[in-house]
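If you're matching them up, the sequences are chains A and B in order. Going by our numbering, the first sequence runs without a break in its numbering and finishes at 110. Going by our numbering, the second sequence runs without a break in its numbering and finishes at 130. Don't be surprised by glycine CBs; every beta carbon is placed ideally from N, CA and C. Predicted model only: the values in this text are computed from it and were never measured. Below: one structure, written as structure tokens.
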Amino acid sequence: AQSVTQLDSQVPVFEEAPVELRCNYSSSVSVYLFWYVQYPNQGLQLLLKYLSGSTLVKGINGFEAEFNKSQTSFHLRKPSVHISDTAEYFCAVNIIQGAQKLVFGQGTRLTINP
Amino acid sequence: DTEVTQTPKHLVMGMTNKKSLKCEQHMGHRAMYWYKQKAKKPPELMFVYSYEKLSINESVPSRFSPECPNSSLLNLHLHALQPEDSALYLCASSQGVGRSLTQYFGPGTRLLVL
């Protein structure tokens, strides 16, 4: 069965510092991977996705992620964070079962300190 | 335009009430979804509609009744809910069930059952 593990439930960083949010997946078939962000009291917004092709994926708001098949990882990175990046971040894998089904990791709470 | 709208934003209901949540998209998407999200947890899939037909029901109790009257509209009818059903209810849509499978989320309806 496909699953997603986000290794850190909370990540505090200082403003303008780099950050990496870790995500590992398990799957016996080809995967489609996503990172979503949820700001307080809002819905989920797509940051970036990996479907195929280049393993380095660039997304919105300066985020990028690298798909690593051998390590079954899809870590999210940003070289310099802002206060406005404070949010919950979810990694998700798309299971194709006739109709698509997103399975989410438990989420990582990113807190940016001034 | 990648907007999914949901009404109402907030809803308070008693255990004997009947209410409905509404979700709308005008992106021409043919798959629509209901998720339930408890505090500090990832979204959990409830239902998937594909081409206006229910394709996935994740063993949701019958007090939740989905309806897809047309390709742009998705409703969730609520009846005899329990306090543990209090949560953020998210709607999402996607182009279909093929490879290009980004789900676009609405802002959610925050439901409180008293």
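When the options are compared against residue i, the one with the closest alpha-carbon
i        : options                               : result
Asn109/A : Gln6/A, Gln34/A and Ser(-1)/A         : Gln6/A
Ile56/A  : Trp31/A, Leu47/A, Cys87/A and Ser66/A : Trp31/A
Phe53/A  : Tyr28/A, Gln34/A and Pro8/A           : For clarity, residue 53/A is Val in the given sequence; the question names Phe instead. The candidate whose alpha carbon is nearest that of Val53/A is Tyr28/A.
Ser88/B  : Cys39/B, Leu130/B and Val76/B         : Cys39/B
Leu104/B : His78/A, Gly39/A, Gly58/A and Glu16/A : Gly39/A
Ala96/B  : Gln111/B, Ser78/B and Leu90/B         : Ser78/B
Pro75/A  : Glu62/A, Phe86/A and Gly58/A          : Gly58/A
Ser66/A  : Glu60/A, Ser22/A, Leu72/A and Thr1/A  : Ser22/A
Tyr51/B  : Met31/B, Ile72/B and Thr32/B          : Ile72/B
Val0/A   : Gln34/A, Ser80/A, His71/A and Gln96/A : His71/A
Val100/B : Gln22/B, Leu127/B and Leu117/B        : One detail in the question is off: residue 100/B reads as Glu in this sequence, not Val. Taking only the C-alpha atoms, the option nearest Glu100/B is Leu127/B.
Cys107/B : Glu74/B, Gln41/B, Leu94/B and Met29/B : Gln41/B
Counted within 10 angstroms of its Cβ, other Cβ atoms place residue i as buried (16 or more) or exposed
i        : result
Pro36/A  : exposed
Phe10/A  : exposed
His45/B  : buried
Tyr67/B  : exposed
Val129/B : buried
Asn90/A  : buried
Glu84/A  : buried
Arg115/B : Confidence in Arg115/B is poor, its pLDDT being 49 and thus under 50, which makes the residue's placement too unreliable to answer from.
Lys54/B  : exposed
Ala13/A  : exposed
Gly49/A  : exposed
Gly122/B : buried
Leu90/B  : buried
Lys56/B  : exposed
Pro82/B  : buried
Anticipated Cβ contact below 8 Å, residue i with residue j, distance rounded
i        : j        : result
Thr125/B : Pro24/B  : 6 Å
Met48/B  : Ser109/B : 5 Å
Leu106/A : Thr82/A  : 6 Å
Lys35/B  : Leu27/B  : 6 Å
Cys19/A  : Gly103/A : Rounded, the Cβ-Cβ distance is 10 Å, inconsistent with contact.
Val99/A  : Val15/A  : In fact, because the Cβ distance is near 24 Å, the residues do not count as touching under 8 Å.
Residue i: CB within 7 Å of a non-hydrogen atom of the ligand SAH
i       : result
Ala47/B : Of ligands this structure carries none, so the ligand SAH is not represented either.
What residues in the segment 102 to 128 of chain B bring their beta carbon closer than 9 Å to a beta carbon of chain A? Leu104, Leu106, Cys107, Ala108, Ser110, Gly112, Val113, Gly114, Arg115, Ser116, Leu117, Thr118, Gln119, Tyr120, Phe121, Gly122, Pro123, Gly124 and Arg126
Within 7 Å of chain A by C-beta, residues of the segment 71 to 88 of chain B in sequence order: Ser71 and Ile72
Between the segment 23 to 44 of chain A and chain C, which residues of the former have CB atoms less than 9 Å from a CB of the latter, in chain order? Looking for chain C here will not work: the only protein chains present are A and B.
Members of the segment 46 to 67 of chain B that neighbour chain A once the beta carbon cut-off is set at 7 Å: Ala47, Pro58, Pro59, Leu61, Val64 and Ser66
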